[in-house]
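Which chain is which? The protein sequence lines are A and B, in order.
Position 3, counted from 1, in the first sequence is what numbering that gives the first Met the number 0 calls 2; the numbers after and before it change by one each time, with no gaps.
Position 254, counted from 1, in the second sequence is what numbering that gives the first Met the number 0 calls 253; the numbers after and before it change by one each time, with no gaps.
Beta carbons are placed, not taken as given, at the ideal position from N, Cα and C, and that holds for glycine.
2 protein chains.
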Amino acid sequence: MSKEIPYKIYLEENEMPKQWYNVRADMKNKPAPILNPATLKPVTVDELSGIFCTELAKQELDDTTAYIDIPEEIRNFYKMYRPAPLVRAYCLEKKLGTPAHIYYKFEGNNTSGSHKLNSAIAQAYYAKKQGLRGVTTETGAGQWGTALSMACAYFDLDCQVYMVKVSYEQKPFRREVMRTYGAKVTPSPSMTTDVGRRINEEFPGTTGSLGCAISEAVEAATSQDGYRYVLGSVLSQVLLHQSIIGLETKAALDKYGIKADMIIGCAGGGSNLGGLISPFAGEMLRGEADYKLIAVEPASCPSLTRGRYVYDYCDTGKVCPLSKMYTLGSGFIPSANHAGGLRYHGMSSTVSQLYHDGLIEARSVEQTEVFKAAEQFAKVEGILPAPESSHAIKVAIDEALKCKETGEAKNIVFGLTGTGYFDMVAYQKYNDGLMSDYIPTDEEIEKSLSGCPKVD
Amino acid sequence: MSKEIPYKIYLEENEMPKQWYNVRADMKNKPAPILNPATLKPVTVDELSGIFCTELAKQELDDTTAYIDIPEEIRNFYKMYRPAPLVRAYCLEKKLGTPAHIYYKFEGNNTSGSHKLNSAIAQAYYAKKQGLRGVTTETGAGQWGTALSMACAYFDLDCQVYMVKVSYEQKPFRREVMRTYGAKVTPSPSMTTDVGRRINEEFPGTTGSLGCAISEAVEAATSQDGYRYVLGSVLSQVLLHQSIIGLETKAALDKYGIKADMIIGCAGGGSNLGGLISPFAGEMLRGEADYKLIAVEPASCPSLTRGRYVYDYCDTGKVCPLSKMYTLGSGFIPSANHAGGLRYHGMSSTVSQLYHDGLIEARSVEQTEVFKAAEQFAKVEGILPAPESSHAIKVAIDEALKCKETGEAKNIVFGLTGTGYFDMVAYQKYNDGLMSDYIPTDEEIEKSLSGCPKVD
Chain A
0 MSKEIPYKIY
10 LEENEMPKQW
20 YNVRADMKNK
30 PAPILNPATL
40 KPVTVDELSG
50 IFCTELAKQE
60 LDDTTAYIDI
70 PEEIRNFYKM
80 YRPAPLVRAY
90 CLEKKLGTPA
100 HIYYKFEGNN
110 TSGSHKLNSA
120 IAQAYYAKKQ
130 GLRGVTTETG
140 AGQWGTALSM
150 ACAYFDLDCQ
160 VYMVKVSYEQ
170 KPFRREVMRT
180 YGAKVTPSPS
190 MTTDVGRRIN
200 EEFPGTTGSL
210 GCAISEAVEA
220 ATSQDGYRYV
230 LGSVLSQVLL
240 HQSIIGLETK
250 AALDKYGIKA
260 DMIIGCAGGG
270 SNLGGLISPF
280 AGEMLRGEAD
290 YKLIAVEPAS
300 CPSLTRGRYV
310 YDYCDTGKVC
320 PLSKMYTLGS
330 GFIPSANHAG
340 GLRYHGMSST
350 VSQLYHDGLI
360 EARSVEQTEV
370 FKAAEQFAKV
380 EGILPAPESS
390 HAIKVAIDEA
400 LKCKETGEAK
410 NIVFGLTGTG
420 YFDMVAYQKY
430 NDGLMSDYIP
440 TDEEIEKSLS
450 GCPKVD
Chain B
0 MSKEIPYKIY
10 LEENEMPKQW
20 YNVRADMKNK
30 PAPILNPATL
40 KPVTVDELSG
50 IFCTELAKQE
60 LDDTTAYIDI
70 PEEIRNFYKM
80 YRPAPLVRAY
90 CLEKKLGTPA
100 HIYYKFEGNN
110 TSGSHKLNSA
120 IAQAYYAKKQ
130 GLRGVTTETG
140 AGQWGTALSM
150 ACAYFDLDCQ
160 VYMVKVSYEQ
170 KPFRREVMRT
180 YGAKVTPSPS
190 MTTDVGRRIN
200 EEFPGTTGSL
210 GCAISEAVEA
220 ATSQDGYRYV
230 LGSVLSQVLL
240 HQSIIGLETK
250 AALDKYGIKA
260 DMIIGCAGGG
270 SNLGGLISPF
280 AGEMLRGEAD
290 YKLIAVEPAS
300 CPSLTRGRYV
310 YDYCDTGKVC
320 PLSKMYTLGS
330 GFIPSANHAG
340 GLRYHGMSST
350 VSQLYHDGLI
360 EARSVEQTEV
370 FKAAEQFAKV
380 EGILPAPESS
390 HAIKVAIDEA
400 LKCKETGEAK
410 NIVFGLTGTG
420 YFDMVAYQKY
430 NDGLMSDYIP
440 TDEEIEKSLS
450 GCPKVD
């Protein structure tokens, strides 16, 4: 196995995965079931089908089927922007002077600018197949909303996006991309839903939050005929769709006989990380191989490193099922000076369980050093990374520098989830030396956690 | 030759071109020589070397060498974002219901968002090799400035960008990308150059123009030790570097035994169009094949379709060599409602000569229909195109619809030069139904042309 490794490893169309991998099937300790908020009993497919498409509700609750066929229509869409390249970061290695080999899986080569499209197209497909008129969703920074807009345009589905008000106003360009793809974008909290009106009344002048936008989108879905709600992260179905990232990564590494030593991903709700590590965690669970899996989260929203592993609400309005996860409490909102995404209070139940069982380790990093890593990466590798992705870059560089000290030629793989073209306000802050860090106090986290429901 | 054609044709690293192609070598009617503005005599390499790096000055004047080796350092950088895929627009074909096969060469998969990087890295390389400290340039919308900033960061060269003031103020994000890559960005006209001060005095409150920014950048280069000026379009050296687009396109087509019937490119200064068509025009010039080559320009800046083929100034300050080209006069500025790029008053001398000799045909299109084509393309092909690129999309769609009428399965190839992520203000205007068209009157063009120098 001494083939020369190209800058970018592209799989051929016939090497592309034809099935998603459901890591839950190989987990002895399954993620705890999600609970109906009214009964506190595990939700059934029937109950979930009121919110999600039936097929997606099934995927959400299926923790035994290891491989699920990717429908041909989805594989055709994937061809438009996949395979995503696995890039050997030759220039970064040289710049750092490290003997480590650094690889990154780049998911930013599509107009939504991130990996979110992988699940958006799957969810839109099942909605279309079920004969629905449209879907509703929330979006924060806008990556997910953009991805869903693209997917819905492709399948000619109506797309209604509740966009956190502060982003709607401060990120007009993301909004316009969604509109160009035909989506209807509403700033949240709005006056178009009960929960929106209630929140606006209770907190006049609020600029919104992700949890609040989720509640509005769910209400909009359940109060219109022919609509369902879709979500871009946290859910088990999303991790299933995002396993395409890890499967392609593994196929590309295998193609050149490369054994990864560690796999690093940024973690907000867990969609990218969960998808990236899935097949590797599967090998670990089956006792076939060992890897160091690292979740990187912002110090300002540290659900894994400082949260608690309990049942919690997934949204502010408490209309969604409860999930057992590492959480900071559903009322937790990162400091206003937090620039990037990764601002969700909880974490995918699958990632949470794997972390709880010691298969994943977690690190938190502060944003100034994240942007410093982003700038360093951009200058030598060309790509201007999203702030979210740059969390993984930061830890990959740290690990590569450790290798420099020890002289080890480790294979470091990280997920570069997307590009930062719509995050230039944050870059400007960094360029102007105006970026600051904020770490929540223990008291703040305790207070927020006190709002968790009493289950268990 | 019945290999199934994938969505995206990627060349392997060993299939990548190792030489640029200089179409001038195969032209019987060479482009007219550029003239020293002081003597009105053809410039020499020595004279040009005061403005450009010596190697680039040689390339600028070399109209006999057909193939020029691409230095290894440049080929290594190309690997970071090349090969650019040649995409079969299966979804667009289906949407249009056309029997035509549509292919586009997508140059937007890099942070500068366009093909400009192909020449930026070459010019930065030669500057570095000559031992220079840095380079100066101008930028309008910012694609070229961004590309040059990336290239200079890679080679650790100082980069000074004069950005047309109206763009500097209205496109702060492009500016921040450049700053992130370490460039110094100055709004033009500035008070840092003689020509800038003169223009500011003569036209108080002016928001600048490309021609004016060029003059400032040239002055900045020639008044600092160890600096040279670089330019992203129009020049023959730029077309040489951009021939990589056409060479890769041709290699990808050949790989699958596809014979293009027509090749369509948007045309501002001619860098993309010239690069894309070079090898195809070469075959035509050598009598080996025939193609329909189409240049598409905005109706608001119609240098080929309504300009005059004469010697003209390349910049407002009249400090650059004169070039014989299709021009609207160096004082021509497109209407303020013109959204996209492609706003240069002239056209590459090579493209001009090929057009004059009937090898290229030209069409002008209005911007509302361009954005309509862009939206249609985005919805089915996923990629949100740059307004510039969308000019080519518009004509490709027109041609595909003609095939639908005639039932011909023509192979239509067009250049998708870049993405529109930094053009959302224009898209917003379109989405809101506020976009309008403007076509200059004959009188306006005549008036502007009257400022051309009396040469010939």
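Pair within 8 Å by beta-carbon distance, residue i and residue j
i, j, result
"Asn271 of chain A", "Gly281 of chain A", "no"
"Ala99 of chain B", "Ala338 of chain B", "no"
"Gly267 of chain A", "Trp143 of chain A", "no"
"Ile33 of chain B", "Ala220 of chain B", "no"
"Tyr325 of chain A", "Ser302 of chain A", "yes"
"Gly414 of chain A", "Ile244 of chain A", "yes"
"Leu246 of chain B", "Tyr20 of chain B", "yes"
"Tyr429 of chain B", "Phe370 of chain B", "yes"
"Ala250 of chain A", "Pro16 of chain A", "yes"
"Arg173 of chain B", "Ala150 of chain B", "no"
"Tyr255 of chain B", "Met79 of chain A", "no"
"Gly269 of chain A", "Ser363 of chain A", "no"
"Pro162 of chain B", "Thr185 of chain B", "Residue 162 of chain B is actually Met in this sequence, not Pro. Cβ distance < 8 Å, so Met162 of chain B and Thr185 of chain B count as in contact."
"Val379 of chain A", "Val295 of chain A", "no"
Nearest neighbour of residue i, chosen from the options [CA to CA]
i, options, result
"Thr206 of chain A", "A:Gln169, A:Ala294 and A:Ala266", "A:Gln169"
"Pro36 of chain A", "A:Met261, A:Ile293, A:Ile8 and A:Thr315", "A:Thr315"
"Lys127 of chain A", "A:Gly112, A:Gly107, A:Glu106 and A:Phe154", "A:Phe154"
"Phe376 of chain A", "A:Gly357, A:Ala399, A:Arg362 and A:Arg173", "A:Ala399"
"Tyr312 of chain B", "B:Arg23, B:Val454, B:Ala152 and B:Val229", "B:Val454"
"Asp193 of chain B", "B:Glu218, B:Pro171, B:Cys300 and B:Lys323", "B:Glu218"
"Lys104 of chain B", "B:Thr248, B:Val309 and B:Arg285", "B:Thr248"
"Arg81 of chain B", "B:Thr191, B:Gly130, B:Lys115 and B:Arg197", "B:Lys115"
"Ser277 of chain B", "B:Tyr6, B:Ile396 and B:Val350", "B:Val350"
"Phe331 of chain B", "B:Ser388, B:Gly406, B:Ser348 and B:Arg307", "B:Arg307"
"Leu183 of chain B", "B:Tyr167, B:Gly195 and B:Asp157", "Just to set this straight, residue 183 of chain B is Lys in the shown sequence, not Leu. Closest option to Lys183 of chain B, Cα to Cα, is B:Asp157."
"Arg87 of chain A", "A:Tyr102, A:Lys78 and A:Asn75", "A:Tyr102"
"Thr110 of chain A", "A:Gln129, A:Pro84 and A:Leu147", "A:Leu147"
"Tyr180 of chain B", "A:Val176, A:Gln427, A:Thr185 and A:Glu54", "A:Gln427"
"Asn336 of chain A", "A:Tyr437, A:Arg74, A:Val44 and A:Ala294", "A:Tyr437"
In DSSP terms, what residue i is bridged to
i, result
"Cys265 of chain B", "B:Val295"
"His100 of chain A", "A:Asn410"
"Glu360 of chain B", "B:Ile293"
"Val86 of chain B", "B:Lys7 and B:Tyr103"
"Ser322 of chain B", "B:Asp311"
"Val184 of chain B", "B:Val160"
"Trp19 of chain B", "B:Ile67"
"Thr418 of chain A", "A:Pro384"
"Arg227 of chain A", "A:Val134"
"Ser232 of chain A", "Ser232 of chain A is not bridged to any residue."
(request) May I ask you to list, following chain order, the residues of the stretch 432-455 of chain A that have a beta carbon less than 9 Å from some beta carbon of chain B? (result) Contact annotation: in the stretch 432-455 of chain A, no residue has its CB less than 9 Å from a CB in chain B.
(request) Pull out every residue of the stretch 152-172 of chain B whose Cβ sits closer than 8 Å to any Cβ of chain A, in chain order. (result) Listed by position, the residues of the stretch 152-172 of chain B near chain A (Cβ gap below 8 Å) are Ala152, Tyr153, Pro171 and Phe172.
(request) Check each residue of the stretch 174-208 of chain B: if its Cβ is closer than 9 Å to any Cβ of chain A, include it; give the result in chain order. (result) Here the close residues are Arg174, Glu175, Val176, Arg178, Thr179, Tyr180 and Gly181.
(request) Name, going along the chain, the residues of the stretch 374-395 of chain A whose beta-carbon falls closer than 8 Å to a beta-carbon of chain E. (result) You won't find chain E in this structure, because its protein chains are A and B.
(request) Decide yes or no for the touch test of the stretch 117-130 of chain B against the stretch 420-436 of chain B: beta carbon pairs closer than 8 Å, at least 3 of them. (result) Fewer than three beta-carbon pairs drawn from the stretch 117-130 of chain B and the stretch 420-436 of chain B are found closer than 8 Å, and the two stretches are therefore not classed as touching.
(message) Along the stretch 94-105 of chain A, where does the CB come closer than 8 Å to a CB of chain B? Name the residues.
(response) Taking 8 Å as the cut-off between beta carbons, none of the residues of the stretch 94-105 of chain A comes near chain B.
(request) Assess, as a yes-or-no matter, whether the stretch 87-95 of chain B is touched by the stretch 211-220 of chain B under the definition of 3 or more beta carbon pairs within less than 8 Å. (result) The answer is no - the stretch 87-95 of chain B does not touch the stretch 211-220 of chain B, with fewer than three Cβ pairs under 8 Å.
(request) Take every Cβ of the stretch 380-390 of chain B, pair it with every Cβ of the stretch 413-424 of chain B, and state whether three or more of those distances are shorter than 8 Å. (result) The answer is yes - the stretch 413-424 of chain B touches the stretch 380-390 of chain B, with three or more Cβ pairs under 8 Å.
(message) If contact is defined by three or more beta carbon pairs under 8 Å, each pair taking one atom from either stretch, is the stretch 232-239 of chain B in contact with the stretch 54-63 of chain B?
(response) Look at the beta carbons and you see the stretch 54-63 of chain B touching the stretch 232-239 of chain B: at least three pairs across the two are nearer than 8 Å.
(request) Could you run through the stretch 107-133 of chain A and flag, in chain order, every residue whose CB is less than 7 Å away from some CB of chain B? (result) The residues in question are Asn108, Asn109 and Thr110.
(message) Under 8 Å, with one C-beta from each stretch per pair, do the stretch 434-453 of chain B and the stretch 346-362 of chain B reach the 3-pair mark?
(response) Output reads no: the stretch 346-362 of chain B does not touch the stretch 434-453 of chain B.
(request) Taking a Cβ distance cut-off of 7 Å, strictly less, list which residues of the stretch 9-36 of chain A are near chain B, in chain order. (result) The residues in question are Tyr9 and Glu12.
(request) Closer than 9 Å, Cβ to Cβ, to anything on chain B: give me those residues from the stretch 60-71 of chain A, in chain order. (result) Of all residues in the stretch 60-71 of chain A, none has a Cβ within less than 9 Å of some Cβ in chain B.
(message) With three or more beta-carbon pairs closer than 8 Å as the criterion, would you say the stretch 11-20 of chain B touches the stretch 187-201 of chain B?
(response) By the Cβ test, the stretch 11-20 of chain B is not in contact with the stretch 187-201 of chain B, since fewer than three Cβ pairs between them sit closer than 8 Å.
(request) Select from the stretch 71-89 of chain A all residues with a C-beta closer than 7 Å to any C-beta belonging to chain B, and list them in chain order. (result) Of all residues in the stretch 71-89 of chain A, those with a C-beta nearer than 7 Å to a C-beta of chain B are Lys78, Met79 and Tyr80, reading in chain order.
(message) Can you pull out the residues from the stretch 324-352 of chain B whose beta carbon lies closer than 9 Å to at least one beta carbon of chain A?
(response) Within the stretch 324-352 of chain B, no residue has a Cβ that lies closer than 9 Å to any Cβ of chain A.
(request) Please list the residues of the stretch 260-282 of chain A that have a C-beta atom closer than 9 Å to any C-beta atom in chain B, keeping them in chain order. (result) Taking 9 Å as the upper bound on Cβ-Cβ separation, chain B lies near no residue of the stretch 260-282 of chain A.
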